[in-house]
Amino acid sequence: MQCVPGHQDVFLHRARMEQKEEQLQEDRLHMASARAALLQDRQQARINKELRRAVDETNMQLAQAQHAQRKKEVYTNIPDESYFSQFNKSSR
23 MQCVPGHQDV FLHRARMEQK EEQLQEDRLH MASARAALLQ DRQQARINKE
73 LRRAVDETNM QLAQAQHAQR KKEVYTNIPD ESYFSQFNKS SR
């Protein structure tokens, strides 16, 4: 069988169009994947920021409680005469 001269051109044109369409579809999928990854990264950054704030707040509360406890210990244990009498008992 002999091909009609214009027949091969139509076949090549159709093949090229299908290839372009496949490439466009692949590009769309790639862009959608990149967008999803970007959105996921942003969401993770928001979560990390919230966690950091929560940890910072908890640490601040713990520091305040620790400071209050230390202040209470320091000022409630005022030394009396028995504390001072233990010094300078011996001669050199």
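Start counting the sequence shown at 23; every next residue gets the next number (our numbering). Cβ coordinates follow ideal geometry from the N, Cα and C atoms, glycine included.
DSSP on residue i, reduced to helix/strand/coil?
{"i": "M23", "result": "Residue placement at M23 is flagged as unreliable, the pLDDT there being 47, under the threshold of 50; the coordinate-derived value follows with that caveat. Three-state DSSP puts M23 in coil, outside helix and strand."}
{"i": "D78", "result": "helix"}
{"i": "D63", "result": "helix"}
{"i": "K42", "result": "helix"}
{"i": "I100", "result": "coil"}
{"i": "F109", "result": "coil"}
{"i": "L34", "result": "helix"}
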